[in-house]
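Peer 1: I have a structure here, written as structure tokens, and I will follow up with some questions on it.
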């Protein structure tokens, strides 16, 4: 099903890169998977990590430093790419926040994007089937997290699919894409100009319609350059309060948007997921 | 003395990049410094981390994941660049193992390298003065470590300057550059064809002449692609045994040459240095 591109020992487990043909995205896709050492025939819970703008499957695995705690907890961590790839895939060159590296975890409906930009279908379907087929994963215990655009992906994919992703957290997520420039740009071009078609990809709107039974953990740095214009976590906080959604929003004093921020708090997130997936 | 290029909060401390004019190297040089939160007017021991071929000051700070333990131990970690930089600095384009990114922590004597490729003088002089001037550092408690070419740098600079760098360790170091292709290429071009001029930069030779009072810690992965041709740690082990040098060489089963290897064991190294610098 998937080719093993590389495998590297790390904290007593195995950090792998796989490549496979994606029908959802119409291209070859890569993903990274950290697999802790397990007893023969044992299975482990899974945390899917969705990365932000400009990232590939590699950013989290090289910079987030999650492997130590994943090994301790016996947690598989899978990081897919952030968009379709390949020369035949349409792109918006010179735009870091649209096209390749900026799939926004949605299924595009507009030409020329709708052929390949189908990351929602990819993550909720093919990716999970691949995890089940290739890894010693307990598919009844899968959580999701992400950073920035990937935090948006984690929140929306959990809220729409709580049966697939039982637990959820996010680092500096885009929580209200219909109301901020990154989101408005991406949604209008992937989905068309009619804002009524965007609501299914807006975590703050989704949580008002149908809050999740799961608690949500969000960490957000106060020195994040994107805080006021693009992220606006208090819009999500307000939506959660109004809908009765349990949320732990931690404003982290002095932290920015980088992986120095993610790496500082990822241990808390892994423990949060592991506790709820194995409890 | 130095410009603060960036400062990012990480694990309760501050990950900084500085740029300054280097007289040793005749160019602007960058360095990364992690400074844990300290009590007012307190000073901290310092660990200098030397990176390997192709690296800059950024590789260790983004990929090694040392900040968590450095914060816990109250240890400053400083990572300089690996060579002089700038358009006026001679380079060997298309050669990853010579020229920029491959300074080998020596002072070149041959044209055109001798004007700028003076990383030995830089690390043992200017860099330490800059640390003393800019950071809350206790200069009586400075250790040194490094990876691959940087492990070579750490071992040789400690052995020649045990009064500057009191403790030493290395990850997958080049231990016998006069006997391996990477070293022979670099030494012959930076220092000239006469091998008698290379000995001062060969850890295995230095340790035979003058072992250190400090114990040396070396980690080496058994699945490292460069193990047999370039690294050959047993040459150093033999030299240490013959000269009475205390060495802990740990062959780490299945680990390769990457930062997945470094990140797995860097906690042990930080604790090793901190224990000896603060004991």
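Protein chains in written order, with the working numbering: chain A, -17 to 261; chain U, -17 to 261. Idealized CB from N, CA, C, for every residue including glycine.
May I ask you to list, following chain order, the residues of the stretch -7 to 18 of chain A that have a beta carbon less than 7 Å from some beta carbon of chain U?
Peer 2: Cβ contacts with chain U come from -7 and -3.
Peer 1: Going straight from the alpha carbon of residue 264(A) to that of residue 130(A), what length do you get?
Peer 2: Given that chain A is displayed from residue -17 to residue 261, the structure contains no residue 264(A) and the question cannot be resolved.
Peer 1: Take the Cβ of residue 91(U) as the centre, count every other Cβ of all protein chains shown within 10 Å, and call the residue buried at 16 or more, exposed below.
Peer 2: In the second chain, residue 91(U) corresponds to position 109, counting from 1. Residue 91(U) should be labelled exposed.
Peer 1: Find the nearest neighbour of residue 168(U) within the set 65(U), 23(U) and 3(U), judged by alpha-carbon distance.
Peer 2: Here residue 168(U) corresponds to residue number 186 of the second chain, with the count starting at 1. The shortest C-alpha separation from residue 168(U) is found at 65(U).
Peer 1: Using a Cβ-Cβ cut-off of 8 Å (strictly less than) and excluding sequence neighbours within five positions of residue -5(A), which residues of its own chain qualify?
Peer 2: As a working mapping, residue -5(A) is identified with position 13 in the first chain. If we look at residue -5(A) and ignore the five residues flanking it on each side, its Cβ neighbours are 16, 17, 18, 19, 49, 52 and 53.
Peer 1: With the cut-off set at 8 Å, would you say residue 108(A) and residue 5(A) are in Cβ contact?
Peer 2: As a position in the first chain, residue 108(A) is number 126, starting the count at 1. As a position in the first chain, residue 5(A) is number 23, starting the count at 1. Yes, they are a contact pair.
Peer 1: Going along the chain, which residues of its own chain have a beta-carbon closer than 8 Å to the beta-carbon of residue -9(U), five neighbours each way excluded?
Peer 2: Translated into the one-based positions of the second chain, residue -9(U) becomes position 9. Excluding positions up to five away in sequence, the list reads -3.
Peer 1: Give the range of the alpha helix (DSSP H) segment to which residue 115(A) is assigned.
Peer 2: What you label residue 115(A) is simply residue 133 of the first chain in a count that begins at 1. Start and end: 109 to 116.
Peer 1: Measure the C-alpha to C-alpha separation of residue 122(A) and residue 111(A) and round it to an integer number of angstroms.
Peer 2: The count along the first chain starts at 1 and reaches residue 122(A) at position 140. The count along the first chain starts at 1 and reaches residue 111(A) at position 129. So the alpha carbons of these two residues sit roughly 12 Å apart.
Peer 1: Is there at least one Cβ from chain A nearer than 8 Å to residue 238(U)'s Cβ?
Peer 2: The sequence position of residue 238(U) within the second chain is 256, counting from 1. Closer than 8 Å to some Cβ of chain A, the Cβ of residue 238(U) qualifies, so yes.
Peer 1: Residue range of the alpha helix (DSSP H) that residue 131(A) falls in?
Peer 2: Here residue 131(A) is taken as the residue at index 149 of the first chain, counted from 1. Taken as a continuous stretch (DSSP letters only), the alpha helix (DSSP H) holding residue 131(A) covers 131 to 142.
Peer 1: Going by beta carbon distance, what residues of the same chain come within less than 6 Å of residue 14(A), once the five residues before and after it are set aside?
Peer 2: By 1-based counting over the first chain, the position of residue 14(A) is 32. Here the set comprises -1, 39, 43 and 61.
Peer 1: Anything in the stretch 33 to 46 of chain A with a Cβ closer than 7 Å to a Cβ of chain D? List those residues in chain order, please.
Peer 2: The displayed structure is made up of protein chains A and U, and chain D is not among them.
Peer 1: Could you name the residues of the stretch 187 to 217 of chain A whose beta carbon sits closer than 8 Å to any beta carbon of chain U, in the order they occur along the chain?
Peer 2: Flagged, chain order: 203 and 205.
Peer 1: Taking residue 138(U) as the query, report the chain A residues whose CB atoms sit under 8 Å from its CB, ordered along the chain.
Peer 2: As a first step, residue 138(U) must be located in the second chain, where it is residue number 156. Within chain A, no residue comes near residue 138(U); the closest Cβ sits about 28 Å away, beyond 8 Å.
Peer 1: My guess is that residue 184(A) and residue 160(A) are in contact by the Cβ rule of under 8 Å, so how many angstroms apart are they, rounded?
Peer 2: Translated into positions along the first chain, residue 184(A) becomes position 202. Translated into positions along the first chain, residue 160(A) becomes position 178. Rounded, the Cβ-Cβ distance is 5 Å, consistent with contact.
Peer 1: Report the CB separation of residue 205(A) from residue 237(A) in whole angstroms; it is logged as a contact under 8 Å.
Peer 2: Taking the first chain and counting its residues from 1, one reaches residue 205(A) at position 223. Taking the first chain and counting its residues from 1, one reaches residue 237(A) at position 255. So it is a contact: roughly 6 Å between Cβ atoms.
Peer 1: Just the C-alpha distance for residue 231(U) and residue 58(U), rounded to the nearest angstrom, thanks.
Peer 2: Locating residue 231(U) in the second chain gives position 249, where the first residue counts as 1. Locating residue 58(U) in the second chain gives position 76, where the first residue counts as 1. Distance between the alpha carbons of residue 231(U) and residue 58(U): 25 Å.
Peer 1: What residues from chain U crowd round residue -9(A), counting only those whose CB sits closer than 9 Å?
Peer 2: Numbered from 1 along the first chain, position 9 holds the residue referred to as residue -9(A). Within chain U, the residues near residue -9(A) are 203, 205, 234, 235, 236, 237, 238, 242, 243 and 246.
Peer 1: Residue range of the alpha helix (DSSP H) that residue 165(A) falls in?
Peer 2: For the purposes of this step, residue 165(A) is taken as the residue at position 183 of the first chain. Residues 163 to 173.
Peer 1: Give the single residue among 218(U), 180(U) and 210(U) whose Cα lies nearest to the Cα of residue 190(U).
Peer 2: The residue given as residue 190(U) occupies position 208 in the second chain. Measuring from the Cα of residue 190(U), the nearest candidate turns out to be 218(U).
Peer 1: Tell me which residues share the same chain as residue 254(A) and place their Cβ nearer than 7 Å to its Cβ, disregarding the 5 neighbours each side in the sequence.
Peer 2: Along the first chain, one-based indexing puts residue 254(A) at 272. Answer for residue 254(A): 151 and 199, listed in chain order.
Peer 1: So what does residue 59(A) bridge to, in DSSP terms?
Peer 2: Taking the first residue of the first chain as position 1, residue 59(A) is located at position 77. BP columns for residue 59(A) point to 16(A) and 29(A).
Peer 1: Taking a contact to mean a Cβ-Cβ separation below 8 Å, would you say residue 106(U) touches residue 139(U) in this structure?
Peer 2: The residue labelled residue 106(U) in the question sits at position 124 within the second chain. The residue labelled residue 139(U) in the question sits at position 157 within the second chain. Yes. Within cutoff.
Peer 1: Expressed to the nearest angstrom, what Euclidean distance is found between the alpha-carbon atoms of residue 226(U) and residue 212(U)?
Peer 2: Counting from one through the second chain, the residue named residue 226(U) turns up at place 244. Counting from one through the second chain, the residue named residue 212(U) turns up at place 230. Near 24 Å, if we compare the C-alpha coordinates of residue 212(U) and residue 226(U).
Peer 1: Report yes if the CB atom of residue 153(A) is closer than 8 Å to the CB atom of residue 135(A), and no otherwise.
Peer 2: On the first chain, residue 153(A) is found 171 positions in, with the first residue counted as 1. On the first chain, residue 135(A) is found 153 positions in, with the first residue counted as 1. No.
Peer 1: Are there 16 or more other CB atoms within 10 angstroms of the CB of residue 207(A), so buried, or fewer, so exposed?
Peer 2: As a working mapping, residue 207(A) is identified with position 225 in the first chain. Label assigned to residue 207(A): exposed.
Peer 1: Less than 8 Å between C-beta atoms, sequence neighbours within five positions excluded: which residues of the same chain meet that for residue 120(A)?
Peer 2: If you number the first chain from 1, residue 120(A) lands on position 138. So the list reads 25, 26, 27 and 28, once near-sequence residues are dropped.
Peer 1: Which stretch, first to last residue, makes up the alpha helix (DSSP H) that contains residue 187(U)?
Peer 2: What you label residue 187(U) is simply residue 205 of the second chain in a count that begins at 1. First-last of the alpha helix (DSSP H) with residue 187(U): 185 to 191.
Peer 1: Starting from residue 303(U), trace the alpha helix (DSSP H) both ways and give me its first and last residue.
Peer 2: Outside the displayed range of chain U (-17 to 261) lies residue 303(U), so it cannot be described from this structure.
Peer 1: Measure the beta-carbon distance from residue 124(U) to residue 30(U) and round it to whole angstroms, keeping in mind my assumption that it falls under 8 Å.
Peer 2: Locating residue 124(U) in the second chain gives position 142, counting from the first residue. Locating residue 30(U) in the second chain gives position 48, counting from the first residue. About 7 Å separates the two Cβ atoms, so the contact holds.
Peer 1: Can you tell me which residues form a DSSP beta bridge with residue 9(U)?
Peer 2: By one-based count along the second chain, residue 9(U) stands at place 27. Partner(s): 4(U).
Peer 1: Spatial neighbours of residue 115(A) within its chain, please: CB distance less than 6 Å, with the 5 preceding and 5 following residues excluded, ordered by chain position.
Peer 2: Within the first chain, the letter at position 133 stands for residue 115(A). If we look at residue 115(A) and ignore the five residues flanking it on each side, its Cβ neighbours are -17.
Peer 1: Excluding sequence positions up to five away, which residues of its chain have a Cβ less than 7 Å from the Cβ of residue 233(A)?
Peer 2: If you number the first chain from 1, residue 233(A) lands on position 251. Answer for residue 233(A): 202 and 204, listed in chain order.
Peer 1: Is DSSP giving residue -11(A) helix, strand or coil here?
Peer 2: Within the first chain, residue -11(A) is the residue found at index 7, counting from 1. In the structure shown, residue -11(A) sits in a strand (DSSP, three-state: E or B).
Peer 1: Alpha carbons only, please: which of 82(U), 187(U) and 37(U) is nearest the one belonging to residue 74(U)?
Peer 2: Counting from one through the second chain, the residue named residue 74(U) turns up at place 92. Taking only the C-alpha atoms, the option nearest residue 74(U) is 82(U).
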